[in-house]
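I have placed the structure first, in the form of structure tokens, so that the comments after it can refer back to it.
So this is what it looks like as structure tokens:
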């Protein structure tokens, strides 16, 4: 079962993908996680990716494609995968299609979490994370017991650079310009399924499972 998650930054693709990973026992492959690992380790790839991510821009295809195609070759992805953050361009989608064709398979489901920009801005700009342990919070929907302090380790909560309103708007503009065409691409491939990206997580999972279990 090969699944691609689609949706704007902050639509909840990663959260949904993790739930689906637990349910279907196939890996959740996130470009964000792979990039962050490389950034943390100070690799050449990580430094290049960081220069784009800090500005809210997409990491260029040449940095992304081979890395992701290598990842889906690993043993844990033999029975399928859930891609989160890839593909983001038609070029990436075509590269993925060619690779899967070589293995006599294809993207079977493209799940679009449909959201409004104003809701995304409100959701992301309110996010805070612990500077020590990384535990997430939200100034409206997931408040800490003490304002600005992590419940678990008593360290300071911070706003990530890519969660400022200016960067969020830039990311959304990039999404609409470069990634939105993927909706049409997978519609033409007859694998697109659209669900409301601002319902509860449980409701989203129930809806997606109905699609996948047909």
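Residue numbers (this note's numbering): 6 to 219. All C-beta atoms in this analysis are idealised placements derived from N, C-alpha and C, irrespective of residue type, glycine included.
- Looking from the CA of residue 201, the closest CA among 118, 146 and 178 belongs to 118.
- Buried is the label assigned to residue 97, since at least 16 other Cβ atoms lie within 10 Å of its Cβ.
- Counting of Cβ neighbours within 10 angstroms places residue 165 among the exposed residues, the total staying below 16.
- Judged by DSSP secondary structure, residue 206 falls within the alpha helix (DSSP H) whose first and last residues are 206-217.
- If you look at residue 137, you'll find it isn't in any beta strand (DSSP E); DSSP assigns it neither H nor E.
- Excluding residues up to 5 positions away in sequence, 161 and 162 lie with their Cβ nearer than 7 Å to the Cβ of residue 153 in the same chain.
- Proximity to residue 33 across 193, 83 and 177 peaks at 83, based on C-alpha coordinates.
- Residue pairing of residue 114 in beta bridges, as defined by DSSP: 8.
- Residue 116 sits away from residue 206, with the two beta carbons spaced by 8 Å or more.
- A straight-line Cα-Cα distance of about 21 Å links residue 196 and residue 20.
- Residue 65 sits in coil when the DSSP states are folded into three classes, being neither helix nor strand.
- The alpha-carbon of residue 67 is positioned some 15 Å away from that of residue 55.
- Secondary structure remark: continuous beta strand (DSSP E) runs of at least 3 residues inside the stretch 12-65, in chain order: 33-35.
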